[in-house]
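Notes for the one structure printed next.
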Amino acid sequence: MASARAWLLADSPTSRLQANLGRLYRITGMLLRNPLAAVGAAIVLALVLTAIFAPWIAPYSPVGQSLQDRLLPPSAEHLMGTDELGRDIYSRVIYGSQITLTIVLLVAVIAAPVGLVIGAIAGYFGGWIDRALMGITDIFLSMPKLILALAFVAALGPGINNAIIAIAITAWPAYARISRAETLTFRNSEFIDAVRLQGGSPARIIVRHVLPLCTSSMIIRVTLDMAGIILTAAGLGFIGLGAQPPLPEWGAMISRGRTFILDQWWVATMPGFAIILVSLGFCFLGDGLRDVLDPKQGDKG
Amino acid sequence: MSFEPTTEPASATPALPGQKGRRALKTAGSFVWFVVTIALTFLGLLAITFFIGRVIPIDPVLAVVGDRATPAVYEAARIEMGLDRPLPVQFLDYVTDVLTGDFGMSVSTGRPVISDLARVFPATLEMATIGILMGIAIGVPMGVVAAARQGSWVDQTIRVFGLLGYSVPAFWLGLVGLAVFYARLRWASGPGRLDIFYDGLVPPVTGLMLVDTLIAGDYDIFWNALDHLILPASVLGFFSLAYIARMTRSFMLDQLSQEFVTTARVKGVPERVVIWRHAFYPIRIQLITVIGLSYAALLEGSVMVETVFSWPGIGNYLTTALLNADMNAVLGATLVIGAVFIFINKISDVLYRVLDPRAR
Chain A
45 MASARAWLLA DSPTSRLQAN LGRLYRITGM LLRNPLAAVG AAIVLALVLT AIFAPWIAPY
105 SPVGQSLQDR LLPPSAEHLM GTDELGRDIY SRVIYGSQIT LTIVLLVAVI AAPVGLVIGA
165 IAGYFGGWID RALMGITDIF LSMPKLILAL AFVAALGPGI NNAIIAIAIT AWPAYARISR
225 AETLTFRNSE FIDAVRLQGG SPARIIVRHV LPLCTSSMII RVTLDMAGII LTAAGLGFIG
285 LGAQPPLPEW GAMISRGRTF ILDQWWVATM PGFAIILVSL GFCFLGDGLR DVLDPKQGDK
345 G
Chain B
239 MSFEPTTEPA SATPALPGQK GRRALKTAGS FVWFVVTIAL TFLGLLAITF FIGRVIPIDP
299 VLAVVGDRAT PAVYEAARIE MGLDRPLPVQ FLDYVTDVLT GDFGMSVSTG RPVISDLARV
359 FPATLEMATI GILMGIAIGV PMGVVAAARQ GSWVDQTIRV FGLLGYSVPA FWLGLVGLAV
419 FYARLRWASG PGRLDIFYDG LVPPVTGLML VDTLIAGDYD IFWNALDHLI LPASVLGFFS
479 LAYIARMTRS FMLDQLSQEF VTTARVKGVP ERVVIWRHAF YPIRIQLITV IGLSYAALLE
539 GSVMVETVFS WPGIGNYLTT ALLNADMNAV LGATLVIGAV FIFINKISDV LYRVLDPRAR
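Residue numbers (our numbering), protein chains in the order written: chain A, 45 to 345; chain B, 239 to 598.
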């Protein structure tokens, strides 16, 4: 154990793998010393585990109806009560974690690389390429995100895939901004010049040398954005444009519970607690990551 | 909701004394630049709505007339929309239409979209305005107190409160508010702008219910309107409060760590004066930008809240149109919300530059 730790914390790592693992180890250590970040990491980890092991955690089927058990209040048998079709809300919330995780992962996987590459190209080349790309980015940035997503879904048609596409379309500009700013800080550094003098093409410089340096600020930003993505996806589901029934999407579940909010409060409120918990988890984790990876930025934004 | 500043700070070439003419020229220049950027951004917004309305749908005609239209209606709409012409020409026509206030007809209400929007917009404006006033009145003092007692339990509570503003779904908070304050406690009125038996009694002048009832001198309806407004406005206000408190706190912490604050304390200035006069006074300009941004964000957030409270504003109009696949109405509402959003954003950006001597 001690030798593994010494290997991880070695001052002169002998391989790239050792250096990366050592960095990861140090960051994890610092994160866990920050109480809010540790809580956030635990929540996010719990979300991932719940999504993977949903069939074993959930006591009932998420879609199995049982009309004689409809609208039962929370009890030992049904921890969060049942909905208007007698489905166990707890089981549906558990399965809903799969949908939420899918949405945030896909949005991150689509939007972050697109923004990263656009920003890096704009920052590296400068001139009119920069002005054109950043002009488009600024137009998207100054648009209200939720409204834009709504309009895109209206044109694409309701459904979870289109909701993901619409959210990704509204999410990339922020990443482009960040990676451009990062790129500008080191585009004239000597190590970039060195690669260029060795005959490295712009594509190679951007992919191999510029993008890796943007990743840490990108990871912070994506984590902080997760809460917003979850809320937008739930909002689309609530309006009826996101995941369609009988999928146990949290926003759509709240929407179904609207009719019963005055008497059977648990139908609408329970999925909401799941949304809040997971969003808070990502916020805490993002704040903590920012403190650890980017201490100079402090508590801005 | 995102709150990043949307434009780069102006290049800071300090104007030397005795260069009034050049400075006036520079001001005029930056004004022209402001008009140009705002026009370009609006053009971008139009390009996006055009793209959404005419390019993405496989059959834009069907999206406008609905699938129950007869072939004759369909053909007429196709020619009226000019879909037989090339896209750039169509876009030019679209821009001309929008600039002359022609947003097309709404299929679900059967009226021109522009008059629908004019009718519903005041309701949203009223709710968002009350919401932002609540956010300022509570959020700013909260942020100041949190910064003044950094690290204390007050500060921690306010921080968590601020993060809740990023993680609570607005529609959920609205529903819970209805369940608690309307159904259980009976402290607030239910959905809608007025009780049903007051409906239509007050002649609309401004469209703002609170103002109209006062003009009509009908105080019963005024109190009823306020009663209906207070819950949805508080839900909206919570989100601006969380953001404003968070930003005020971080601005105040910046100021309180400055040397002039230490100097003031060493001179024996009372702590209350240090906080409000020395530290708070300089951040008021930054706060204007923050308030502007969060006001714009509230117009957007009202979409969800209005849906929950059946509030007859632009957000409710938008969601109803979405569910009816009423594309003209959707795009019209998107344009108006987008335009107001962009305008407030740019204005607060300019205000910051005009008011802050360092950015001039």
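The beta-carbon is built from N, C-alpha and C at its ideal position, and this holds for glycine as well. Note that the structure is a prediction, hence the values are computed from the model and not measured.
I want to verify the contact list: residues of chain A whose CB lies under 8 Å from the CB of residue i, in sequence order.
{"i": "B:V568", "result": "L194, A195 and A198"}
{"i": "B:L401", "result": "L324, C327, F328 and D331"}
{"i": "B:M600", "result": "The question about residue 600 of chain B has no answer, for chain B in this structure spans 239 to 598."}
{"i": "B:G576", "result": "M187, P188, I191 and L192"}
{"i": "B:T279", "result": "D182, I183 and S186"}
With DSSP as the reference, label residue i as helix, strand or coil.
{"i": "A:M124", "result": "coil"}
{"i": "B:M343", "result": "strand"}
{"i": "B:D322", "result": "coil"}
{"i": "A:P79", "result": "helix"}
{"i": "B:P350", "result": "strand"}
{"i": "A:D132", "result": "strand"}
{"i": "A:R300", "result": "helix"}
{"i": "B:W461", "result": "helix"}
{"i": "B:Q394", "result": "helix"}
{"i": "A:P99", "result": "helix"}
{"i": "A:D343", "result": "For A:D343, the pLDDT reaches just 44, beneath the cut-off of 50, and the residue's location in the model is therefore unreliable, although a value from the coordinates is still provided. Three-state DSSP puts A:D343 in coil, outside helix and strand."}
{"i": "A:L337", "result": "helix"}
{"i": "B:K264", "result": "helix"}
{"i": "B:K505", "result": "coil"}
{"i": "B:R431", "result": "coil"}
{"i": "B:R515", "result": "helix"}
{"i": "A:V107", "result": "coil"}
{"i": "B:R306", "result": "coil"}
{"i": "A:M187", "result": "coil"}
{"i": "B:D564", "result": "coil"}
{"i": "A:A63", "result": "helix"}
{"i": "B:I585", "result": "helix"}
{"i": "A:R224", "result": "helix"}
{"i": "B:S240", "result": "Residue confidence for B:S240 is low, a pLDDT of 40 falling below 50, so the modelled location carries little weight and cannot support an answer."}
{"i": "B:A248", "result": "Residue placement at B:A248 cannot be trusted, given a pLDDT of 42 that sits under 50; what the coordinates show is reported in the next sentence. Note: B:A248 maps to coil in three-state DSSP."}
{"i": "A:A287", "result": "coil"}
{"i": "B:Q328", "result": "helix"}
{"i": "A:I305", "result": "coil"}
{"i": "B:A253", "result": "Confidence at B:A253 is low in this model, with a pLDDT of 44, below 50, so the placement of that residue should be treated as unreliable; the coordinate-derived value is given next. Coil at B:A253, not helix or strand."}
Using a cut-off of 7 Å between C-beta atoms, extract the partners of residue i located in chain B.
{"i": "A:T303", "result": "Residues of chain B passing the Cβ test: none, with the nearest at roughly 11 Å."}
{"i": "A:W309", "result": "A417"}
{"i": "A:M262", "result": "Result: empty, since nearest Cβ-Cβ is about 15 Å, beyond 7 Å."}
{"i": "A:A312", "result": "L413"}
{"i": "A:I133", "result": "Those within 7 Å of A:I133 in chain B number zero; the least Cβ separation is about 14 Å."}
So which residues of chain B does residue i contact, with C-beta pairs closer than 9 Å?
{"i": "A:T227", "result": "In chain order: nothing, as chain B lies at least about 15 Å away."}
{"i": "A:I298", "result": "P407, F409, W410 and L413"}
{"i": "A:I320", "result": "L402, S405, V406, P407 and W410"}
Which chain A residues are close to residue i, counting only those with a beta carbon under 7 Å from its beta carbon?
{"i": "B:A421", "result": "L306"}
{"i": "B:L479", "result": "Going along chain A, no residue has its Cβ under 7 Å from B:L479, so there is no contact; the nearest lies around 16 Å."}
{"i": "B:G282", "result": "I183"}
{"i": "B:F269", "result": "Those do not exist, as B:F269 stays about 19 Å from chain A at its closest Cβ, beyond 7 Å."}
Under 9 Å Cβ-Cβ, which residues of chain A neighbour residue i?
{"i": "B:I526", "result": "Under the 9 Å cutoff, chain A gives no residues; its nearest Cβ is about 17 Å from B:I526."}
{"i": "B:T287", "result": "A195"}
Nearest to residue i by CA position, among the options, is which residue?
{"i": "B:I482", "options": "B:M380, B:S268 and B:A310", "result": "B:M380"}
{"i": "B:L281", "options": "B:R591, B:L573, B:P441 and B:Y590", "result": "B:L573"}
{"i": "B:A315", "options": "B:A563, B:L363 and B:G342", "result": "B:G342"}
{"i": "B:V398", "options": "A:A50, A:R49, A:F328 and A:L333", "result": "A:F328"}
{"i": "A:S299", "options": "B:K505, B:V504, B:M485 and B:L413", "result": "B:L413"}
{"i": "B:Y590", "options": "B:I521, B:S548 and B:N566", "result": "B:I521"}
{"i": "A:A98", "options": "A:T181, A:S135 and A:L337", "result": "A:S135"}
{"i": "A:F304", "options": "A:E128, A:R248 and A:I250", "result": "A:E128"}
{"i": "B:P407", "options": "A:F282, A:F196 and A:G163", "result": "A:F282"}
{"i": "A:A212", "options": "A:A199, A:L149 and A:R334", "result": "A:L149"}
{"i": "A:R334", "options": "A:A277, A:T259, A:Q288 and A:W309", "result": "A:T259"}
Using the beta-carbon of each residue, which ones in chain B are nearer than 8 Å to residue i?
{"i": "A:A271", "result": "Y404 and S405"}
Quick check: the region 429-447 of chain B against the region 456-470 of chain B, are there 3 or more CB pairs under 8 Å?
yes
The region 534-547 of chain B: positions lying closer than 9 Å to chain A by Cβ:
A534, A535, L537, E538, G539, V541, M542, T545 and V546
Below 8 Å, how does it come out for the region 262-270 of chain A and the region 313-327 of chain A: are there three or more Cβ pairs, yes or no?
yes
Contact between the region 116-126 of chain A and the region 213-231 of chain A (3+ Cβ pairs under 8 Å):
no
Is it true that the region 308-322 of chain A meets the region 140-148 of chain A, where meeting means three or more beta-carbon pairs spaced less than 8 Å apart?
yes
Cβ contact check for the region 313-329 of chain B and the region 273-293 of chain B: 3 or more pairs under 8 Å:
yes
Along the region 273-284 of chain A, what residues have a CB closer than 7 Å to any CB found in chain B?
L275, A278, G279, F282, I283 and G284
Between the region 441-454 of chain B and the region 486-506 of chain B, do three or more beta carbon pairs fall short of 8 Å?
no
Contact between the region 181-190 of chain A and the region 548-566 of chain B is defined here as three or more beta-carbon pairs at a separation below 8 Å; is this criterion met?
no
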